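Just so you know, the sequence shown maps onto residues 1173 to 1393 in the working numbering. Beta carbons are placed, not taken as given, at the ideal position from N, Cα and C, and that holds for glycine. All values derive from a computational prediction rather than experimental measurement.
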Amino acid sequence: MKVNEKNLAMFATSASAPVDKEGWLVKRGEINKAFQKRWFVLKGNLLFYFEKKSDKEPTGFIVLEGCTVELAEDEGQFGFKIVFHGQGNRTYVLEADSQDSMEQWMKALASASYDYIKCMVAELERQLQEMEMNVPSLNDDGAGGSHPVAPPRTRHNPFNRPAPTSHRPAPVRVDPEVPRSKTSFRDLHNIYSRKILLEFNEWKHQQKKLKENAEEPLIEL
């Protein structure tokens, strides 16, 4: 693979490029097989490693494509490895300083590749299609196919007053039929907000009618 080393070094230390994860790991050397402590920085699908945290240029980098992240129990208590499949079959052996750190690094590295992102996008598209099939279509004003019906206009007997009603909104029922465990927060927010707005408008309409009825003259001459 041909890379522009100068641009790559600038990207590795650039403050504008977000860092997905960084920290100290022990890396086994390719030639002498000795373990050396290195500062690792993960940016997208590129894993850079430095001799010192303050270094301006990385010692090397790993492109996390076409590989798997696996445990390496025979290499240390908290050891794991990045295994490349196919031509070359290069394996990078790393070791963290704790079980929690090892699990975090393995999770971050395993989800950094472009192939993983493609799988996630395909899964989200499938969930979206599933959700659209289960949720009824909404019209432009955010309500369903039926419109709220106003309560009947009735006159009240002044000697038979109803008990005073609370001016608080009735509890809102939020129970659209969607697969909650499979949808994202944004999808759930959009669906629930439409439901809440519809029921709140119904409640305001009812309160307006009650107020109009209460303002009518009680006795007509």
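Residue range of the beta strand (DSSP E) that includes residue i
i, result
"Ile1203", "No beta strand (DSSP E) holds Ile1203; DSSP gives it neither H nor E."
"Glu1267", "Thr1263 to Glu1267"
"Val1191", "Element bounds for Val1191: n/a, residue is neither H nor E."
"Lys1394", "Residue 1394 lies beyond the residue range present for the chain, which begins at 1173 and ends at 1393; the question has no answer from this structure."
"Glu1223", "Looking at the DSSP string, Glu1223 is not in any beta strand (DSSP E), and its letter there is neither H nor E."
"Glu1242", "Cys1239 to Leu1243"
"Gly1232", "Gly1232 to Val1235"
Proximity below 8 Å, CB of residue i to CB of residue j
i, j, result
"Glu1242", "Phe1252", "yes"
"Leu1219", "Glu1194", "no"
"Gly1238", "Gly1216", "no"
6 Å CB neighbourhood of residue i in its chain, flanking five on each side removed
i, result
"Glu1223", "Thr1231"
"Arg1345", "Caution is warranted here: a pLDDT of 47 is assigned to Arg1345, below 50, making its placement in the model unreliable, and no coordinate value can be reported."
"His1328", "Caution is warranted here: a pLDDT of 48 is assigned to His1328, below 50, making its placement in the model unreliable, and no coordinate value can be reported."
"Phe1207", "Val1198 and Arg1200"
"Leu1300", "none"
Option in the options with minimal Cα separation from residue i
i, options, result
"Met1398", "Arg1210, Lys1205 and Phe1233", "Within the shown structure, residues of the chain are numbered from 1173 to 1393, placing residue 1398 beyond reach of any answer."
"Ser1226", "Met1305, Ile1254, Ala1184 and Trp1277", "Ala1184"
"Asp1246", "Glu1302, Val1265, Leu1180 and Lys1209", "Val1265"
"Trp1211", "Glu1202, Glu1275, Glu1229 and Asn1204", "Glu1229"
"Asn1261", "Thr1240, Phe1250 and Leu1296", "Thr1240"
"Glu1275", "Lys1290, Ser1186, Gln1208 and Phe1250", "Phe1250"
"Asp1192", "Lys1279, Glu1177 and Gly1248", "Lys1279"
"Glu1202", "Lys1209, Glu1384, Thr1263 and Lys1178", "Thr1263"
Nearest-angstrom Cβ-Cβ length linking residue i and residue j, presumed shorter than 8 Å
i, j, result
"Leu1197", "Glu1304", "Contact doesn't hold; Cβ gap of about 44 Å is too wide."
"Lys1205", "Tyr1221", "Not really, about 17 Å apart at Cβ, beyond 8 Å."
Residues near residue i by beta carbon distance below 8 Å, same chain, minus five either side
i, result
"Leu1161", "Residue 1161 falls outside the range modelled here, since the chain spans only 1173 to 1393, and no answer is possible."
"Ser1270", "Phe1250"
"Tyr1288", "Ala1282"
Residue range of the unbroken alpha helix (DSSP H) whose run includes residue i
i, result
"Lys1178", "Glu1177 to Thr1185"
"Val1293", "Tyr1286 to Asn1306"
"Leu1281", "Gln1271 to Ala1282"
Own chain partners of residue i with C-beta closer than 7 Å, once the 5 adjacent residues on each side are dropped
i, result
"Ala1189", "Phe1183 and Lys1215"
"Ser1285", "Asn1217, Leu1236 and Glu1237"
"Lys1209", "Trp1196 and Val1198"
is_contact[residue i, chain C] using C-beta, thresh 8 Å
i, result
"Leu1236", "This model lacks chain C altogether, as it is built from one protein chain only."
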